[in-house]
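Novice: In the numbering used here, the protein residues as written are 687 to 893. Below is one structure. I have some questions about it.
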Ligand SMILES: [Zn+2]
């Protein structure tokens, strides 16, 4: 957790984005193998992000009050880059490709995406969201231990049930099973509803 905290502090993001009440470490020491691999959230399977540390994010109390997201919404993950994550948090919502961002730029459509298919993509399993094509690896040198690390980040979200569609993996995994708990045919969710996905944790993994 200390390493994850040091990395996130090194980003220099505004403190108002964070809420430590949502901090939680799922490393082997803090969350031993005797703890559950899956649980329930919003009536659906929640795959615990084992091996990751969650730095809590501020969630709008009005969103919580209107939607009861801690009890009624499911848990999903969104693998992304440091810059894209900061943009999502600063906009206070996921934007759709084609949206005009607060800096005046248009949110681009990633290479390889199908034209006219502008969606927000999430997954019910971090095994899929943390694939390096989504959660890009970056370099970090800790000033505490002077070691070099590869860092990945994934946003942990609450998502409104019934507000998205489900599809299979789109990385040509073939017969390789990506997650022991969610079949490959159900690992990708997509939606056009910006307000239906609320990030509450910045998951960090350093190796
Ligand atoms: Zn830990």
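For glycine and all other residues, C-beta sits at the position ideal for the given N, C-alpha and C.
1. I'd like to confirm the pairing. Which residues does DSSP put opposite residue 751 in its beta bridges?
2. For residue 772, which residues in the same chain have their Cβ closer than 7 Å to its Cβ, ignoring the five residues on either side in sequence?
3. For the beta strand (DSSP E) containing residue 743, list its first residue and its last residue.
4. Counting pairs of Cβ atoms below 8 Å between the stretch 697-716 and the stretch 732-742, do you hit three or more?
5. Are three or more beta carbon pairs between the stretch 753-770 and the stretch 842-856 nearer than 8 Å?
6. What are the boundary residues of the alpha helix (DSSP H) that residue 690 is part of?
7. Considering only residues of the stretch 840-872, which uninterrupted beta strand (DSSP E) runs meet the minimum length of 3 residues and lie entirely inside it, listed in chain order?
8. Kindly examine ligand 1 and report whether one of its heavy atoms sits closer than 7 Å to the Cβ of residue 721.
9. When the Cα atoms are used, what is the spatial distance from residue 692 to residue 852?
10. Tell me whether residue 891 is buried or exposed, calling it buried when 16 or more other Cβ atoms sit within 10 Å of its Cβ.
11. Can the beta-carbon of residue 741 be found closer than 8 Å to that of residue 690?
12. Is residue 715 near ligand 1, with its Cβ less than 7 Å from a heavy atom?
13. Apply the 10 Å Cβ neighbour rule to residue 873 and answer buried if 16 or more other Cβ atoms are within range, or exposed otherwise.
Specialist: Quick look at the numbers:
1. Numbered from its first residue, the chain shown carries residue 751 at position 65. The partner list for residue 751 (beta bridge, DSSP) is empty, contrary to what the question assumes.
2. Along the chain shown, read from residue 1 onward, the residue named residue 772 stands at position 86. Taken in chain order, the residues that qualify are 699.
3. Here residue 743 refers to the residue found at position 57 when the chain shown is read from its first residue. Residue 743 -> no beta strand (DSSP E), and no H or E assigned at all.
4. yes
5. yes
6. One-based indexing of the chain shown puts residue 690 at position 4. Counting along the chain, the alpha helix (DSSP H) containing residue 690 begins and ends at 688-697.
7. 851-853
8. Your numbering for residue 721 matches position 35 in the chain shown. Every heavy atom of ligand 1 is 7 Å or more from the Cβ of residue 721, so no.
9. On the chain shown, residue 692 is found 6 positions in, with the first residue counted as 1. On the chain shown, residue 852 is found 166 positions in, with the first residue counted as 1. Each residue's Cα considered, the two are about 36 Å apart.
10. Here residue 891 refers to the residue found at position 205 of the chain shown. Residue 891 should be labelled buried.
11. Here residue 741 is taken as the residue at index 55 of the chain shown, counted from 1. Here residue 690 is taken as the residue at index 4 of the chain shown, counted from 1. In contact: residue 741 and residue 690 (Cβ atoms closer than 8 Å).
12. To locate residue 715, count along the chain shown from 1; it is residue 29. Yes - ligand 1 has a heavy atom lying nearer than 7 Å to the Cβ of residue 715.
13. Position 187 of the chain shown, counting from 1, holds the residue named residue 873. Flag for residue 873 reads buried.
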